[in-house]
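Protein chains in written order, with my numbering: chain A, 275 to 1037; chain B, 226 to 391. Where a beta carbon is used, it is the ideal one built from N, C-alpha and C, also for glycine.
Here it is, written out as structure tokens:
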């Protein structure tokens, strides 16, 4: 019987449970002995000309160096994080006469001890000459104050699809709404941290750098480019990583600088940021201002939809500037809408850069269309589930290409919706809601529905590397180019190898996160890992069996085609002669007595995959205070066949919680001068266990035709489906009072004001 | 410098520390007990939770000198002779950890919670863990783990236990 699809508890757990993981700050590698500690002096103003004087600080005992931009004048600026970002919008190594957000590094201090670094940072003198801070992206878009005069505009990128001409002609009903998809913070529990050491001299010098990243190979290449090194001169290691959520894809300028400082001072270096630095500087997610317009007939058929996105990219464009492309690609969601148009623009502001955050562009698309569909349903007085049913892409329509050019691989959207509605007992909920309304109960019930589809391992068809090494003792080492940090690849990938090789998972180890040990890789992000990395392991295992049959054939003096693998016994025999079995150990040793059998492979997918699902959220809203309590979340998240339900459920739980958190609690706020108002976990409403309910998960598995496992990505699904379901539930709770929309996060104050405004409007 | 004498995970230590040194930094930098980690600057996240004389404290909120004469237990002192503490075992059985960063603190807090209340309701578990943040699990399986460690039937986790034991 196959191990795939069974509940296998994680093999990576014991260390984390007993001694804790080994994160960057935990490293006690002797090569890091005597490391200097780096502390960054960060801007306290959003937009200003700055003059820095570090001489007083540099003169103190225990200070190894105080470095400013002037000290790095010989270096070319770091490359922009993504190729199509205009170079004029690139960031400097350290502030180059102008700061553009609170938290931007101005100087680097190197001290013998970490405590000394914080003391000394206070003594670096920075003179600020304030410039007009541009915080609101709508103001930025006017170009009245340019953040980068050389670029001539505050617009970083723009995308569009579809025609606006006559878009809503013939519609009985047209509804429009401005929606803020607010800025949120990724908040991995482990902040950013880096350690590095140079070994060897001159052209032979080689950098070993440990950093908390999701993509060691990509990060290595970024460092090599920034430092004009051959990639072979950089050994990049991602040790245990305490959460990333998209924000740790690649490296940041602070990581790059550490390598520069280490080289110049001839010392190993360490840097671990504080939580406040993390909230200021790692980057934020979402941050879109949207305008949705939806039109159709009174019988519930949606025929036209437009989405306008103004993306706040923050000060130096990063992934955030590109997110609208993904939002555009997923704009139509699960709905077969005849006419659709999307306009997007990414602008810079004097705020922290916007980066990838779990879902990265797709939650924004889903939130927009799901709010729009609900508003359309409210306008025509039809149940939101019924309106969805009348507009979903039919199961028979797949594969299909949407009006905005997304090639959906497989799906059964109505099936997912029906399942979740049944599991949540939707009709009973509606009856209870009505009962409460009729009785004048101040605890109002709200029921919110979302139907979603997203894109994983895209937008282009991806590729990933795997090596299968069967050792001469019959144990197996799997090398993968993915870089798990909680996603359980050591277990799931071992299961995939075990299933094809007939070697028990106890004898399989998975190696990742080290560019010297793993030849190449794309890391873990965009829910790519199983469908690319897992498929590569699967493919590698199949190729290993093929190679082993040839080797066994030599041992048996038989043709490879006559040799069969008996998985139950973990060995090979000639067909029809099951008594003479040669085990994996013997066969692997016959390939190479020292190293065993090694097979390298690269899997290339036929395309991105499109997981989908439907969520039902139930909230209770106190009509007198506006306070929202989430009572339940029921979800269908279909990412194809499940390799390990334990891991997949965990991914769904975590994603749902983050999606809920955006709808109800979290928001990164800046005041009008660009001063951040949420710089630590006391100010930022990161939910605890007390704010969340249990989640009810409903299974559904529709295979993708685009990889041999039929799998899609599950890492971000929960985040994408949950946010609009919860927001819709909050609006639904108070809809009978005349409320048609409540912005996120749906705090008590916002809900209370919405109720008051509706009452005022009704007078 | 101030001299302190304390017991950590069963071993006695004598050291001279700066009065401002936090207990969590003492554990990590002086004793190499890196299983206890720092997650915030404001005592909100609980990643650094240890036991001081058997009760949970956030070790970023305690000075090393305050532990003078006391007994500290960290995640590294829980298992004995290779045998997991029931709470550690329950976290494994219920898949209550992903990236693992909050896990040591979460386990130390969960043990203290059951000391206070051996049969907590789900709501009591959730409020008892309020000071410990996790970004990966959505807390669902952490609650299951505490229920399991408390000997309560915990729905899906019970099925998980049966299958993983077979």
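(request) To the nearest angstrom, report how far apart residue 384 of chain B and residue 340 of chain B are at their CA atoms. (result) As a position in the second chain, residue 384 of chain B is number 159, starting the count at 1. As a position in the second chain, residue 340 of chain B is number 115, starting the count at 1. Unreliable positioning characterises residue 384 of chain B in this predicted model, as indicated by a pLDDT of 35, which lies under 50. The coordinate reading is nonetheless provided below. Roughly 26 Å separates the two Cα atoms.
(request) Evaluate residue 382 of chain B with the Cβ neighbour count: other Cβ atoms within 10 Å of its Cβ, from every protein chain shown; 16 or more gives buried, anything less gives exposed. (result) Mapped onto the second chain, residue 382 of chain B falls at position 157. No answer about residue 382 of chain B holds up, because its pLDDT of 39 lies below 50 and its placement is not dependable.
(request) Please go through the same chain and pick out, in chain order, the residues whose beta-carbon is closer than 8 Å to the beta-carbon of residue 667 of chain A, but skip the five residues on each side of it. (result) The count along the first chain starts at 1 and reaches residue 667 of chain A at position 393. Closer than 8 Å at the Cβ level, and outside the excluded window around residue 667 of chain A, lie 608, 609, 610, 674, 682, 685, 687.
(message) Using only the alpha-carbon positions, how far apart do residue 925 of chain A and residue 932 of chain A sit?
(response) Position 651 of the first chain, counted from the start, is the residue given in the question as residue 925 of chain A. Position 658 of the first chain, counted from the start, is the residue given in the question as residue 932 of chain A. C-alpha separation (whole angstroms): 11 Å.
(request) Evaluate contact between the stretch 336-351 of chain A and the stretch 376-390 of chain A, counting only Cβ atoms and requiring at least three cross-stretch pairs below 8 Å. (result) yes
(message) Can you pull out the residues from the stretch 298-318 of chain B whose beta carbon lies closer than 7 Å to at least one beta carbon of chain A?
(response) 300, 301, 304, 309, 313, 316, 317, 318
(request) May I ask you to list, following chain order, the residues of the stretch 347-367 of chain B that have a beta carbon less than 8 Å from some beta carbon of chain A? (result) 347, 350, 351, 352, 354, 355, 356, 357, 358, 359, 360, 361, 362, 363, 364, 365, 366, 367
(request) Using a cut-off of 9 Å between C-beta atoms, extract the partners of residue 716 of chain A located in chain B. (result) Along the first chain, one-based indexing puts residue 716 of chain A at 442. Those within 9 Å of residue 716 of chain A in chain B number zero; the least Cβ separation is about 22 Å.
(message) Quick check on this structure: which residue in B:368, B:329, B:318 has the alpha carbon closest to the alpha carbon of residue 284 of chain B?
(response) As a first step, residue 284 of chain B must be located in the second chain, where it is residue number 59. Nearest of B:368, B:329, B:318 to residue 284 of chain B, Cα basis: B:329.
(request) Indicate whether residue 690 of chain A and residue 969 of chain A have their beta-carbon atoms separated by less than 8 Å. (result) As a position in the first chain, residue 690 of chain A is number 416, starting the count at 1. As a position in the first chain, residue 969 of chain A is number 695, starting the count at 1. Taking 8 Å as the Cβ cut-off, residue 690 of chain A and residue 969 of chain A do not qualify as a contacting pair.
(message) Distance check for residue 530 of chain A and residue 353 of chain A, CA to CA, integer angstroms please.
(response) To locate residue 353 of chain A, count along the first chain from 1; it is residue 79. To locate residue 530 of chain A, count along the first chain from 1; it is residue 256. Approximately 11 Å between the Cα atoms of the pair.
(message) Quick check on this structure: which residue in A:508, A:976, A:405, A:732 has the alpha carbon closest to the alpha carbon of residue 474 of chain A?
(response) Within the first chain, the letter at position 200 stands for residue 474 of chain A. Comparing Cα-Cα distances from residue 474 of chain A to each of A:508, A:976, A:405, A:732, the minimum goes to A:508.
(request) Anything in the stretch 908-922 of chain A with a Cβ closer than 8 Å to a Cβ of chain B? List those residues in chain order, please. (result) 920, 921
(message) If you follow the beta strand (DSSP E) that residue 494 of chain A is in, where does it begin and where does it stop?
(response) Looking up residue 494 of chain A in the first chain gives position 220. From DSSP, residue 494 of chain A is part of no beta strand (DSSP E) but of the alpha helix (DSSP H) over 490-500.
(request) Evaluate residue 805 of chain A with the Cβ neighbour count: other Cβ atoms within 10 Å of its Cβ, from every protein chain shown; 16 or more gives buried, anything less gives exposed. (result) Along the first chain, read from residue 1 onward, the residue named residue 805 of chain A stands at position 531. Counting Cβ neighbours within 10 Å, residue 805 of chain A comes out buried, since at least 16 surround it.
(message) Looking at the secondary structure, which residues open and close the alpha helix (DSSP H) in which residue 1035 of chain A lies?
(response) Indexing the first chain from 1 puts residue 1035 of chain A at position 761. Per DSSP, residue 1035 of chain A belongs to the alpha helix (DSSP H) from 1022-1036.
(message) As a quick exercise: from A:552, A:751, A:627, pick the residue whose alpha carbon is nearest that of residue 355 of chain A.
(response) Reading the first chain from its first residue, position 81 is the one you call residue 355 of chain A. Nearest C-alpha to residue 355 of chain A: A:627.
(message) Looking at residue 922 of chain A: is its Cβ nearer than 8 Å to the Cβ of residue 994 of chain A?
(response) For the purposes of this step, residue 922 of chain A is taken as residue 648 along the first chain, with counting starting at 1. For the purposes of this step, residue 994 of chain A is taken as residue 720 along the first chain, with counting starting at 1. No, Cβ-Cβ distance for residue 922 of chain A and residue 994 of chain A is not below 8 Å.
(message) Output needed in chain order: residues of the stretch 498-520 of chain A with a Cβ under 9 Å from some Cβ in chain B.
(response) 514, 515, 516, 517, 518, 519
(request) Check residue 383 of chain B in the structure and name its three-state DSSP category. (result) By 1-based counting over the second chain, the position of residue 383 of chain B is 158. In this predicted model, residue 383 of chain B has a pLDDT of only 35, less than 50, meaning its place in the structure is not dependable; the value taken from the coordinates is given anyway. Residue 383 of chain B falls in the helix class under three-state DSSP.
(message) Rounding to the nearest angstrom, what Cα-Cα distance links residue 282 of chain A and residue 920 of chain A in this structure?
(response) The sequence position of residue 282 of chain A within the first chain is 8, counting from 1. The sequence position of residue 920 of chain A within the first chain is 646, counting from 1. Each residue's Cα considered, the two are about 7 Å apart.
(request) Run down chain B in chain order and give the residues with a C-beta less than 7 Å from the C-beta of residue 300 of chain A. (result) To locate residue 300 of chain A, count along the first chain from 1; it is residue 26. Here the neighbours are 259.
(request) List the DSSP bridge partners of residue 615 of chain A. (result) Position 341 of the first chain, counted from the first residue, corresponds to residue 615 of chain A. A:580, per the DSSP bridge assignment.
(request) Determine, using beta carbons only, whether residue 855 of chain A and residue 843 of chain A come nearer to each other than 8 Å. (result) Taking the first chain and counting its residues from 1, one reaches residue 855 of chain A at position 581. Taking the first chain and counting its residues from 1, one reaches residue 843 of chain A at position 569. Yes, Cβ-Cβ distance for residue 855 of chain A and residue 843 of chain A is below 8 Å.
(message) Can you give me the C-alpha to C-alpha distance between residue 390 of chain B and residue 317 of chain B, rounded to a whole angstrom?
(response) Your numbering for residue 390 of chain B matches position 165 in the second chain. Your numbering for residue 317 of chain B matches position 92 in the second chain. Caution is warranted here: a pLDDT of 32 is assigned to residue 390 of chain B, below 50, making its placement in the model unreliable, and no coordinate value can be reported.
(message) So if I threshold CB-CB distances at 7 Å, which residues from the stretch 263-276 of chain B count as touching chain A?
(response) 264, 265, 266, 267, 269, 270, 272
(request) Take residue 975 of chain A and list the residues in its own chain whose beta-carbon comes closer than 7 Å to its own, dropping the five residues that flank it on each side. (result) Residue mapping note: residue 975 of chain A aligns to position 701 of the first chain, counting from 1. Taken in chain order, the residues that qualify are 912, 914, 915, 916.
(message) Please state the DSSP three-state secondary structure of residue 319 of chain A.
(response) Sequence index remark: in the first chain, residue 319 of chain A carries index 45 (1-based). Residue 319 of chain A falls in the coil class under three-state DSSP.
(request) Would you mind sorting residue 718 of chain A into buried or exposed? The rule is 16 or more other CB atoms within 10 Å of its CB. (result) As a working note, residue 718 of chain A is residue 444 in the first chain. Looking at its Cβ environment, which holds 16 or more other Cβ atoms inside 10 Å, residue 718 of chain A is buried.
(message) Counting only beta-carbon separations shorter than 8 Å, does residue 388 of chain B have a partner in chain A?
(response) On the second chain, position 163 is the one that residue 388 of chain B refers to. Only weak support is given to the placement of residue 388 of chain B: the predicted model assigns it a pLDDT of 34, under 50, and the value that follows is read from those uncertain coordinates. Yes, residue 388 of chain B counts as interfacial toward chain A.
(request) Please determine, among A:613, A:808, A:678, the residue with the shortest C-alpha to C-alpha distance to residue 599 of chain A. (result) Sequence index remark: in the first chain, residue 599 of chain A carries index 325 (1-based). With distances taken between Cα atoms, residue 599 of chain A lies closest to A:678.
(request) Please report the residue range of the beta strand (DSSP E) in which residue 533 of chain A lies. (result) Translated into positions along the first chain, residue 533 of chain A becomes position 259. Unbroken run through residue 533 of chain A is the alpha helix (DSSP H), 527-539; no beta strand (DSSP E).
(request) Can you tell me which of the three DSSP states residue 444 of chain A falls into? (result) Your numbering for residue 444 of chain A matches position 170 in the first chain. Coil at residue 444 of chain A, not helix or strand.
(message) Taking its Cβ as the centre, do 16 or more other Cβ atoms sit within 10 Å of residue 818 of chain A, making it buried, or is it exposed?
(response) Position 544 of the first chain holds residue 818 of chain A. So residue 818 of chain A ends up on the buried side.
(message) As a quick exercise: from A:570, A:753, A:858, A:284, pick the residue whose alpha carbon is nearest that of residue 652 of chain A.
(response) Locating residue 652 of chain A in the first chain gives position 378, counting from the first residue. Nearest option by C-alpha distance: A:570.
(request) Assess, as a yes-or-no matter, whether the stretch 265-285 of chain B is touched by the stretch 561-568 of chain A under the definition of 3 or more beta carbon pairs within less than 8 Å. (result) no
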